[in-house]
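S.K.: Residues in the sequence shown are numbered from 1 upward in steps of one, following the UniProt record's numbering.
A virtual CB, placed ideally from N, CA and C, is assigned to each residue, including glycine.
Note that the structure is predicted; figures quoted are calculated from it, not measured.
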Amino acid sequence: MTYTKNSFLSYRDNLLNKNFQNTTQINKQIQEGKNAVAGIISEGESYNQIQGMIQTAANLNKQGEENKQRVERLLLESKELANRNIGEGLLDGLQEMIASIQSTLPQEVSANGVSSIHPSTRERIGRKTKKGR
1 MTYTKNSFLS YRDNLLNKNF QNTTQINKQI QEGKNAVAGI ISEGESYNQI
51 QGMIQTAANL NKQGEENKQR VERLLLESKE LANRNIGEGL LDGLQEMIAS
101 IQSTLPQEVS ANGVSSIHPS TRERIGRKTK KGR
């Protein structure tokens, strides 16, 4: 009877040990799976952030192109005004052009750009007026 009892206890311990090993292995596989899912989620978030940055860059490029076209158009208008006869009409035209620049460009561009262009334009008008007299 002792042999049977010891044999049974040994068999039971064997099963418990195998069950513990299987449980440990399954828990390890579950943790590896969780880590893989967390990595995929993190990569997905990074991908979404990158896509957002790409869209922002595309929007900024589009705005830059639109602003470039506005500036080119305004420069063309400026050349046309500079080539006209000097007089009151030109001064009115320059004031209209300055107002147009200020209304179509972002505030910091128009404030800095107009303040640097405006004095040189007045000097040029003054020189042309003196030559015309």
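Short check: CB of I101 to CB of L74, under 8 Å?
M.R.: Their beta carbons are under 8 Å apart, which means I101 touches L74 by this criterion.
S.K.: Taking the C-alpha atoms as reference points, what is the distance between T23 and T2?
M.R.: Computed Cα separation, rounded: 31 Å.
S.K.: Helix, strand or coil, according to DSSP, for K5 in the structure here?
M.R.: If DSSP states are grouped into helix, strand and coil, K5 belongs with the helices.
S.K.: With distances taken between CB atoms, is the gap from M53 to S78 smaller than 8 Å?
M.R.: Not a contact, by the Cβ cut-off of 8 Å.
S.K.: Would you tell me roughly how many angstroms separate the C-alpha atoms of N19 and S42, rounded to the nearest one?
M.R.: Between N19 and S42, the C-alpha separation is close to 34 Å.
S.K.: Give me the Cα-Cα distance between N6 and L15, rounded to the nearest whole angstrom.
M.R.: Looking at the two C-alpha atoms, the distance is approximately 14 Å.
S.K.: Distance check for A58 and K68, CA to CA, integer angstroms please.
M.R.: If I take the Cα positions, the gap works out to 15 Å.
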